[in-house]
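*Asks:*
Residue numbers (full-length UniProt numbering): 1 to 64.
#1: Does the separation of the CB atoms of residue 36 and residue 62 fall below 8 Å?
#2: Residue 64 and residue 65 - do their beta-carbons sit closer together than 8 Å?
#3: Taking the alpha-carbon positions, what's the residue 58 to residue 21 distance?
#4: Please report the residue range of the alpha helix (DSSP H) in which residue 62 lies.
#5: Going by beta-carbon coordinates alone, are residue 68 and residue 12 separated by less than 8 Å?
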């Protein structure tokens, strides 16, 4: 795309980053809370919940 050292190369990430934050927030807000609650009841730590439940479910949105 030859955007190195151009105004568009600087401006494009500045425009896209806030949009991606909004998309990610909406995705994480829609994840069922029951999954986290049931993992908590089984004794999973926050890190285990993140790595075993949240990240696998959000792999597609992060890659996109």
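Don't be surprised by glycine CBs; every beta carbon is placed ideally from N, CA and C. Quantities reported herein were computed from a predicted structural model and do not represent experimental measurements.
*Replies:* Taking the definition as stated:
#1: By one-based count along the chain shown, residue 36 stands at place 36. By one-based count along the chain shown, residue 62 stands at place 62. No, these two residues do not count as a Cβ contact at 8 Å.
#2: Residue 65 falls outside the range modelled here, since the chain spans only 1 to 64, and no answer is possible.
#3: As a working mapping, residue 58 is identified with position 58 in the chain shown. As a working mapping, residue 21 is identified with position 21 in the chain shown. Rounded to whole angstroms, residue 58 to residue 21 spans 14 Å at the Cα level.
#4: For the purposes of this step, residue 62 is taken as the residue at position 62 of the chain shown. Segment 55-63, the alpha helix (DSSP H) holding residue 62.
#5: Only positions 1 to 64 of the chain appear in the structure, and residue 68 is not among them; the question remains open.
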